[in-house]
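One structure is given below, encoded as structure tokens.
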Amino acid sequence: MAQLGFHLPSLIAYLVNFTILLVILYLVAYKPILRVLDQRATRIKESLEQAERVQKEAAERQAAFEQQLAEARRANQAQFEEAQKRVAQYEQEQKERASKLVQEEVTRARAEIQRERDLAVEEVRAHFGELAIVAAERVVRRSLDAQAHREVINQVLQEGGAMGRRS
Amino acid sequence: MTTTGKRLFKGLFIIALVLLVVGIVIGAIGSSFTGGEPFVPKPEVSLKPEPVLNADAEHMEETHQLPSGFVVTNTLLSCWIASILLILFLWRGARSIRANQAPRGLANVVEAIIEAMFGFVEGVAGHANARKFFPLFATIFLFVLFNAWLGLLPIYPSLGALDEHGEIKRHLLRPAGTDLNMPLALALVSFVFVEFWGIRTVGLGYFGKFFQFSALLKGKLFQGFVDLFVGFLELLSELIRLVSFTFRLFGNMTAGEILLLVIGFLFPFSLGIIFFGLELFVGFVQALVFSGLTLVFVVMAVQAHEGEEKDGAH
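From first to last, the protein sequence lines are chains A and B. Heads up: the first sequence begins at 0 in numbering that gives the first Met the number 0, then just goes up one per residue. Heads up: the second sequence begins at 0 in numbering that gives the first Met the number 0, then just goes up one per residue.
In structure tokens:
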């Protein structure tokens, strides 16, 4: 072995050299670099997880939004139908009300006409009574011939007719 | 290919051809015909590392042995330089890495290397054990790789103590992998960590695979002797692993060094570049093999226990 160059102190020197090298490289290179690689791997993993989470949340929000949209559409449709129903009901009510008012007005007008007519008839009757009395008085005061009698009556009647037309 | 590209390619080809011809003429092959001295001196291969300090070198010249005490050899010096450069490289890279920003420049390179190595360890050892085994794997890999690649720099064969003729008699730097002590030290570290994690995971029962007496104690003689023999083979394989680890790296690194020297001697200037490329690849493969095998042996030691636990649970 000595012919090949075996030399115990040199062997020990190489062993010590390698051991020191291993320790130094571990401290100044492997440990910090692997720590950085670990940190980077963790960051990448977290970023991927976050991206996945965000994607999931976005999908959930999209689904919720679509559900809300559908519910809003349904609610809107119901409100529209309700409004249509109310409009129709209001229209019907207004029609009925107008019809009732017209009917009442017609009835009232008829009653008024009837009352006016009755009043007129009563008035005419009262005039006729007075005329009759006046005529009778004149008949009694003039008495006598039939010719004068008729003239008085006609005169009274004409006056009564003129009074009736005026009234 | 554009016209400029074609011209460039032709120019480079002609330069390479000229260098090859000149290299052959003035190199060892040409000089053997002309009788002159080759441009590159004949390489002298020494398996032993050479001391850097003059006092130690004189002792070695006299005794042909390294001094018995601590000696700063050219391989050890190269190992220290590689270690310092490795620390600086990773430290500078690690310093500017931030979790919340994209890495740039050196930090990007360092992070890519660490991430690739950690991915490899995680693939072999699993997520749970990766963090535990990674420092050892990474340090062995980078240490072997840096030492191998650093040795390819042209400064390595250029620096050294000169003799009276002005030629280098003792190199100042030599790749650490070509020193038997360096692969042996790494093999010992690998061995210790494998056994440490084996014992830590299994407990003293880890030694059960080496000393299997249960069948013998039950009176099953044949089975008992077979178990004892298998245990002996297991023990032997652990020790042989040390030897194979050591000589695989030592052999490959030394062979690569010799190959470059010989090619430089035979064909100066030109063909060496191809073998430099080859040695870059060899350095990477050897680093991966050494660190990869260590990782596999550690995982085997731990998984054997986990397998037993699962069997026990059933």
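Every residue, glycine too, gets a C-beta built ideally from N, C-alpha and C.
Contacts around residue i, its chain only, beta-carbon distance under 6 Å, and the 5 residues preceding and following it disregarded
i	result
Phe327/B	Lying outside 0 to 313, the shown extent of chain B, residue 327/B is not represented and no answer is given.
Gly223/B	Ala214, Leu215
Arg137/A	Val151
Ser290/B	Phe136, Ile139, Phe140
Glu57/B	none
Ile112/A	none
Asp55/B	Pro66, Val70
Phe190/B	Leu241
Residue i vs residue j beta-carbon contact at 8 Å
i	j	result
Val297/B	Val193/B	yes
Phe274/B	Gly26/B	no
Val261/B	Pro42/B	yes
Ala93/B	Val27/A	yes
Thr72/B	Thr177/B	no
Ser9/A	Val70/B	yes
Leu21/A	Leu135/B	yes
Val225/B	Leu14/A	no
Phe268/B	Val21/B	yes
Ser49/B	His170/B	Residue identity differs from the one stated: residue 49/B is Glu in this sequence, not Ser. Yes, Cβ-Cβ distance for Glu49/B and His170/B is below 8 Å.
Glu278/B	Leu172/B	no
Gln38/A	Ala98/B	yes
Ile96/B	Val35/A	yes
Leu33/A	Phe117/B	yes
Val51/B	Leu76/B	yes
Leu259/B	Gly276/B	no
Tyr29/A	Phe133/B	yes
Cutoff 8 Å; reference residue i; Cβ partners in own chain excluding five residues on either side
i	result
Asp162/B	Lys168
Leu179/B	Leu46, Thr245, Phe249
Leu84/B	Phe145, Leu149
Glu308/B	Since pLDDT at Glu308/B reaches only 49, below the 50 mark, its modelled position is unreliable, and the value read off the structure follows with that caveat. There are no such residues.
Ala63/A	none
Glu81/A	none
Val39/B	Gly26, Ala27, Gly263, Phe264, Pro267
Glu166/B	Pro40
One or two residues paired with residue i in a DSSP bridge
i	result
Arg169/B	Ala160/B
Chain-ordered neighbours of residue i on chain E, where CB pairs are closer than 8 Å
i	result
Phe5/A	Protein chains A and B are contained in the structure displayed, whereas chain E is not.
Assigned exposure category for residue i - 16 Cβ within 10 Å defines buried
i	result
Ala134/A	buried
Ile239/B	exposed
Ile113/B	buried
Asn390/B	The requested residue 390/B is not part of the displayed model; chain B covers only 0 to 313.
Gly197/B	buried
Tyr155/B	buried
Ala300/B	buried
Tyr89/A	exposed
Glu110/B	buried
Gly116/A	The residue asked about is misnamed: residue 116/A is Arg in this sequence, not Gly. With fewer than 16 other Cβ atoms within 10 Å, it is exposed.
Phe231/B	exposed
Leu141/B	buried
Ile132/A	exposed
Ser82/B	buried
Glu256/B	buried
Val242/B	exposed
Pro102/B	buried
Ala12/A	buried
Leu235/B	exposed
Val120/B	buried
His6/A	buried
Gly4/A	buried
Gln211/B	buried
Arg153/A	Correcting the residue identity first, residue 153/A is Asn in this sequence and not Arg. It counts as exposed.
Leu183/B	buried
Phe228/B	exposed
Sequence-distant residues of its chain with Cβ nearer than 7 Å to residue i (five each side left out)
i	result
Met0/A	none
Ala69/A	none
Val295/B	Val123
Cys78/B	Asn146, Ala175, Met181
Asn251/B	Val281, Gln285
Ala125/A	none
Lys208/B	Gly230, Glu233
Ile28/B	Leu265
Ala15/B	Ser269
What alpha helix (DSSP H) runs, 4 residues minimum, are completely inside the stretch 22-104 of chain B?
-> Runs found: 27-33, 53-62, 73-94.
Entirely enclosed alpha helix (DSSP H) segments - the stretch 178-228 of chain B, minimum 4 residues = Counting only runs that start and end inside the stretch 178-228 of chain B, the alpha helix (DSSP H) elements of at least 4 residues fall at 180-201, 213-216.
Give, in chain order, every unbroken run of the alpha helix (DSSP H) that is at least 4 residues long and sits entirely within the stretch 131-159 of chain B.
-> Under the rule that a run must span 4 or more residues, the alpha helix (DSSP H) segments found entirely inside the stretch 131-159 of chain B read 154-157.
Ignoring anything shorter than 4 residues or poking outside the stretch 24-99 of chain A, list the alpha helix (DSSP H) runs there in chain order.
-> Annotation note: the stretch 24-99 of chain A contains no uninterrupted alpha helix (DSSP H) run of length 4 or greater.
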